[in-house]
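Heads up: the structure comes next, in structure tokens.
Protein chains: 2
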Amino acid sequence: MTTIDDVARAAGVSVSTVSYALSGKRPISAATRTRIERAVQELDYRPHAGARALASARTNVLALMAPLRVDVNVGVIMQFVTGVVTRAQYFQHDVLLLTQDDHAGVERVAAGSMVDAVIMMDVEADDPRLAILRRQRQPAVLIGLPRDATGLSCVDLDFEAAARTAVAHLTGLGHRAIALLGSPQTVLDRHTTYAARLVHGFDDETSRRGLNAVFEPTESSHAGAVLALDRAFARLPRLSALVVHNEAALPGVLASLRERGLRVPQDVSVVAVCPQDVAVGQPQQLTAVDIPAVRIGGVAVEMAMGRLERDDPAETRLISPVLTARESTGPAPA
Amino acid sequence: MTTIDDVARAAGVSVSTVSYALSGKRPISAATRTRIERAVQELDYRPHAGARALASARTNVLALMAPLRVDVNVGVIMQFVTGVVTRAQYFQHDVLLLTQDDHAGVERVAAGSMVDAVIMMDVEADDPRLAILRRQRQPAVLIGLPRDATGLSCVDLDFEAAARTAVAHLTGLGHRAIALLGSPQTVLDRHTTYAARLVHGFDDETSRRGLNAVFEPTESSHAGAVLALDRAFARLPRLSALVVHNEAALPGVLASLRERGLRVPQDVSVVAVCPQDVAVGQPQQLTAVDIPAVRIGGVAVEMAMGRLERDDPAETRLISPVLTARESTGPAPA
DNA sequence: CTCGATCGTCGAAGCGCTTCGACAAGGTAG
DNA sequence: CTACCTTGTCGAAGCGCTTCGACGATCGAG
Numbered sequence: 001m002t003t004i005d006d007v008a009r010a011a012g013v014s015v016s017t018v019s020y021a022l023s024g025k026r027p028i029s030a031a032t033r034t035r036i037e038r039a040v041q042e043l044d045y046r047p048h049a050g051a052r053a054l055a056s057a058r059t060n061v062l063a064l065m066a067p068l069r070v071d072v073n074v075g076v077i078m079q080f081v082t083g084v085v086t087r088a089q090y091f092q093h094d095v096l097l098l099t100q101d102d103h104a105g106v107e108r109v110a111a112g113s114m115v116d117a118v119i120m121m122d123v124e125a126d127d128p129r130l131a132i133l134r135r136q137r138q139p140a141v142l143i144g145l146p147r148d149a150t151g152l153s154c155v156d157l158d159f160e161a162a163a164r165t166a167v168a169h170l171t172g173l174g175h176r177a178i179a180l181l182g183s184p185q186t187v188l189d190r191h192t193t194y195a196a197r198l199v200h201g202f203d204d205e206t207s208r209r210g211l212n213a214v215f216e217p218t219e220s221s222h223a224g225a226v227l228a229l230d231r232a233f234a235r236l237p238r239l240s241a242l243v244v245h246n247e248a249a250l251p252g253v254l255a256s257l258r259e260r261g262l263r264v265p266q267d268v269s270v271v272a273v274c275p276q277d278v279a280v281g282q283p284q285q286l287t288a289v290d291i292p293a294v295r296i297g298g299v300a301v302e303m304a305m306g307r308l309e310r311d312d313p314a315e316t317r318l319i320s321p322v323l324t325a326r327e328s329t330g331p332a333p334a
Numbered sequence: 001m002t003t004i005d006d007v008a009r010a011a012g013v014s015v016s017t018v019s020y021a022l023s024g025k026r027p028i029s030a031a032t033r034t035r036i037e038r039a040v041q042e043l044d045y046r047p048h049a050g051a052r053a054l055a056s057a058r059t060n061v062l063a064l065m066a067p068l069r070v071d072v073n074v075g076v077i078m079q080f081v082t083g084v085v086t087r088a089q090y091f092q093h094d095v096l097l098l099t100q101d102d103h104a105g106v107e108r109v110a111a112g113s114m115v116d117a118v119i120m121m122d123v124e125a126d127d128p129r130l131a132i133l134r135r136q137r138q139p140a141v142l143i144g145l146p147r148d149a150t151g152l153s154c155v156d157l158d159f160e161a162a163a164r165t166a167v168a169h170l171t172g173l174g175h176r177a178i179a180l181l182g183s184p185q186t187v188l189d190r191h192t193t194y195a196a197r198l199v200h201g202f203d204d205e206t207s208r209r210g211l212n213a214v215f216e217p218t219e220s221s222h223a224g225a226v227l228a229l230d231r232a233f234a235r236l237p238r239l240s241a242l243v244v245h246n247e248a249a250l251p252g253v254l255a256s257l258r259e260r261g262l263r264v265p266q267d268v269s270v271v272a273v274c275p276q277d278v279a280v281g282q283p284q285q286l287t288a289v290d291i292p293a294v295r296i297g298g299v300a301v302e303m304a305m306g307r308l309e310r311d312d313p314a315e316t317r318l319i320s321p322v323l324t325a326r327e328s329t330g331p332a333p334a
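Chains as they are written, first to last, in UniProt numbering: chain G, 1 to 334; chain Y, 1 to 334.
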């Protein structure tokens with residue numbers, strides 16, 4: 001292994017000079033800098049991460065706690081992860097992957113000074129992990145919105161507004177009876193807040209507008225989609241529009257509609273709430289409120305870096321939803 | 001931050017005694033050990049990862065290079081990742097996530113002594129990253145099978161045998177005209193070897209058995225599936241069986257068959273090559289050769305640890321395929 | 001008994017890096 | 001010309017941990 005000592009010797013300067021030349025924290029003459037850089041090149045010098053962490057109290061690593069359950073939304077999770085990793089790269093940080101249920105993980109990793117900050121996905125309303133997070137000296141950013149976010153930064157799509165946007169779009173097309181096919185019951189029970197926030201926005205907006213509306217939790221499978229749709233039609237026989245917030249159920253919902261002899265959008269309009277690529281990857285291009293997962297992941301990293309480098313205060317950022325009209329929505333049938 | 005010094009003082013022993021008590025590398029009397037453990041508890045002591053890495057040349061971190069492209073098989077990738085993270089946890093290791101195309105990543109992370117070993121997914125036949133891997137002092141394990149694996153450990157499903165198994169199953173049911181709907185052309189072009197190995201096994205086995213067989217690359221979308229199926233029928237009008245090796249195209253293939261008025265399995269039998277949960281998550285339970293992604297990820301970690309701790313020699317492990325018959329295959333129509 | 005292991009503990013020497021304080025050599029303002 | 005600042009460099013003191021060698025105490029074998 002080549003060390004900073006080797007470089008210093010090769011360049012004919014002291015160790016500290018090499019360090020300063022590399023970090024730029026003190027002025028170094030052009031000539032010296034050049035000699036040092038050449039030495040670094042020639043010796044293929046790479047600073048020892050541990051040594052650096054020990055001396056500088058900075059690791060250039062971010063912890064990302066992600067729900068690695070294989071059940072739902074894997075694609076969406078992946079997009080968040082991609083957003084985080086990509087943006088972290090920009091800030092010269094690597095990403096340490098922790099699983100949701102490795103409760104001790106955050107503590108081990110933060111208390112052991114392995115990471116500079118923590119990003120946590122899939123936050124629940126009263127998440128027990130928040131207490132751990134608050135106890136650490138590293139900043140934390142949540143993707144999601146707990147009941148009490150004191151001292152922690154949060155970022156997420158404004159799911160409440162997302163529901164309102166979808167409802168507004170459908171109302172504008174004349175629909176008066178709308179069903180929301182949402183997250184699985186288990187997700188709701190876990191009090192993952194995005195699911196609840198969407199439902200709340202939906203309920204609120206539809207009742208404000210005096211619409212006929214029902215909400216059905218939906219299991220993430222073909223069969224679950226069929227059942228949820230059955231229940232929705234049972235409760236609201238004249239429904240002409242659907243808001244679907246469940247990526248995995250989407251294909252089942254569309255197939256089931258076809259099976260009932262209902263055409264989209266002539267008989268039933270469908271608005272999805274999902275990442276864009278999911279919306280356009282269906283047999284039919286879906287009108288959708290985008291979940292900008294990659295972007296949200298990126299913003300999470302930026303917020304973490306802001307707190308780290310500029311000591312930005314903790315804040316909550318809700319990203320405004322954008323609806324893109326495609327082929328799955330049209331005027332309500334007469 | 002509480003350090004090992006604090007613990008030593010609290011327990012009334014020297015620093016080195018604490019270290020030995022905690023690592024178990026030298027005998028320590030029960031009494032002393034108890035006092036130390038109590039002190040650790042009370043002070044909530046957690047060793048500084050950087051310091052430990054510096055002194056011991058071990059980081060307890062594994063690098064995992066995964067293809068974070070959002071395009072294909074996200075679910076499958078996630079399963080590999082889950083397998084790796086879970087098994088790593090067992091070995092007290094955390095996982096540093098690197099993206100495929102962060103070429104400098106491995107080098108930075110390995111040369112900088114941030115990790116004890118590297119696991120690399122989605123290896124191509126002549127992967128340029130292998131050279132980098134060979135240059136590092138940390139062991140590397142590939143998930144996949146490059147042309148030349150000298151010095152590197154590999155693990156993967158035996159895709160060649162997987163194809164043979166699928167073909168054997170179908171032949172046993174009397175099918176004589178079989179199409180393989182495989183990976184997208186782009187994956188083939190990248191020379192990701194699992195795709196090619198499956199095709200090779202398929203070609204070889206079908207010709208050995210004197211069957212009518214065609215192979216069609218398949219784009220990972222509904223539309224791609226429809227097109228591939230069209231081409232297959234054009235080339236082999238009397239085909240009665242399909243082997244599908246493309247998770248994302250699976251729903252499209254099934255839908256398209258139905259649209260053609262073909263029943264599964266009465267008119268056409270389908271064998272999928274995919275993870276089990278994908279096979280049983282379809283509208284119809286599919287007969288499938290399982291891709292045991294979680295397990296493979298776990299084995300990769302075990303191999304890495306073996307090399308690290310027992311200096312096991314590099315080896316290549318191909319996992320034997322297992323076919324589970326479900327509802328999508330039946331006797332060939334008369 | 002005596003000698004050599006073994007056990008239990010300690011002190012000190014690093015591991016490779018960052019950073020603080022010092023200092024010489026110029027530059028600039030008054 | 002003096003006083004002071006800036007620039008460029010160096011030496012040394014850690015950062016918190018592991019590990020080597022040493023040493024007294026115990027113990028069993030001869």
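Every residue gets a Cβ at the ideal spot worked out from N, C-alpha and C, and that includes glycine.
Beta-carbon proximity list for residue i, same chain, < 8 Å, skipping 5 on both sides
i	result
residue 336(Y)	The question about residue 336(Y) has no answer, for chain Y in this structure spans 1 to 334.
Leu157(Y)	Tyr194, Ile291, Pro292, Ile296, Leu318, Ile319, Pro321
Glu205(G)	Ala163, Arg164, Val167, Ala168
Gln285(Y)	Ala279, Arg326, Glu327, Ser328
Leu250(Y)	Ala225, Val244, Ala272, Cys274, Val278, Gln282, Leu286
Arg38(Y)	Ala11
Contacting residues, own chain, Cβ-Cβ under 7 Å from residue i (five flanking each side not counted)
i	result
Ala304(Y)	Leu62, Ala117, Ile119, Pro139, Val141
Val13(Y)	Thr32, Ile36
Arg238(Y)	Ala177
Ala236(G)	Reading off the sequence, residue 236(G) comes out as Leu, not Ala. Within the same chain, Leu236(G) has close Cβ partners Ala177, Ala179, Asn212, Val214.
Gly306(G)	Asp312
Val268(G)	Ser240, Ala241, Leu242, Leu257, Leu262
Neighbouring residues, chain G, relative to residue i (Cβ below 8 Å)
i	result
His222(Y)	Gly281, Gln282, Pro283
Leu323(Y)	Within chain G, no residue comes near Leu323(Y); the closest Cβ sits about 21 Å away, beyond 8 Å.
residue 380(Y)	No answer is possible for residue 380(Y): it lies beyond the span of chain Y, which begins at 1 and ends at 334.
Close beta carbons around residue i, own chain, < 6 Å, minus the five adjacent residues each side
i	result
Val299(G)	Val155
Val289(Y)	Ala162, Thr165, Ala166, Val273, Pro321, Leu323
Gln276(Y)	Asp290
His191(Y)	Glu124, Ala125
Arg197(Y)	Phe159, Glu160
Identified DSSP bridge partners for residue i
i	result
Asn60(G)	BP columns for Asn60(G) are empty, so no partner.
Ile119(G)	Leu64(G), Val141(G)
Asn246(G)	DSSP, once it has assigned bridges, lists no residue as partnering Asn246(G).
Leu98(Y)	Met65(Y)
Asp290(Y)	Cys274(Y)
Phe215(G)	Leu180(G)
Asp156(G)	Leu318(G)
Glu124(Y)	Thr192(Y)
Leu323(G)	Val289(G)
Residue i: contacting residues in chain Y (beta-carbon distance under 8 Å)
i	result
Val74(G)	Val74, Gly75, Met78
Leu308(G)	Neighbours of Leu308(G) on chain Y: none; closest Cβ ~17 Å, over 8 Å.
Partner residues on chain G for residue i, Cβ-Cβ distance less than 7 Å
i	result
Leu227(Y)	Result: empty, since nearest Cβ-Cβ is about 13 Å, beyond 7 Å.
Leu239(Y)	Near Leu239(Y) there are no residues of chain G at all, since even the closest Cβ is about 23 Å away, more than 7 Å.
Under 7 Å by beta carbon: chain Y residues contacting residue i
i	result
Leu43(G)	Within 7 Å Cβ-Cβ: nothing; Leu43(G) doesn't reach chain Y, min ~11 Å.
Cβ contact (3+ pairs, closer than 8 Å) linking the stretch 92-110 of chain G and the stretch 57-72 of chain G: Touching, per the Cβ criterion.
Are the stretch 215-235 of chain Y and the stretch 160-176 of chain Y in contact at 8 Å, needing three or more beta carbon pairs?
By the C-beta criterion, the stretch 215-235 of chain Y is judged not to be in contact with the stretch 160-176 of chain Y, since fewer than 3 inter-stretch pairs fall below 8 Å.
| field | Positions along the stretch 46-61 of chain Y whose CB lies within less than 8 Å of some CB in chain G | value | Under the 8 Å Cβ criterion, the stretch 46-61 of chain Y contributes Arg46, Pro47, His48, Ala49, Gly50, Ala51, Arg52, Ala53, Leu54, Thr59, Val61.
What residues in the stretch 5-20 of chain G bring their beta carbon closer than 9 Å to a beta carbon of chain Y? Correct list: empty, as no residue qualifies.
Requested in this report: Give a yes or no on contact between the stretch 39-49 of chain G and the stretch 6-16 of chain G, applying the rule of three or more CB pairs nearer than 8 Å.
Outcome: Contact holds: three or more Cβ-Cβ distances are below 8 Å.
**Under 8 Å (Cβ pairs) to chain G, residues found in the stretch 107-130 of chain Y** = Listed in sequence order: Glu107, Arg108, Val109, Ala111, Gly112, Ser113, Met114.
- prompt: Which residues, in order along the stretch 76-109 of chain G, keep a beta-carbon less than 8 Å from a beta-carbon of chain Y?
  reply: Cβ contacts with chain Y come from Ile77, Met78, Gln79, Val81, Thr82, Val85, Thr86, Gln89, Asp94, Val95, Leu96, Leu97, Leu98, Thr99, Asp102, Gly105, Glu107, Arg108, Val109.
What residues in the stretch 249-283 of chain G bring their beta carbon closer than 8 Å to a beta carbon of chain Y?
-> So the close ones are Pro251, Gly252, Ala255, Asp277, Gly281, Gln282, Pro283.
query = For the stretch 189-210 of chain G, which residues have a CB atom closer than 7 Å to at least one CB atom of chain Y, in sequence order?
reply = So the list is empty, because no residue satisfies the distance condition.
> Taking Cβ-Cβ distances below 8 Å as the criterion, which residues of the stretch 153-178 of chain G are in contact with chain Y?
Replying inline: Cβ contacts with chain Y come from no residue of the stretch 153-178 of chain G.
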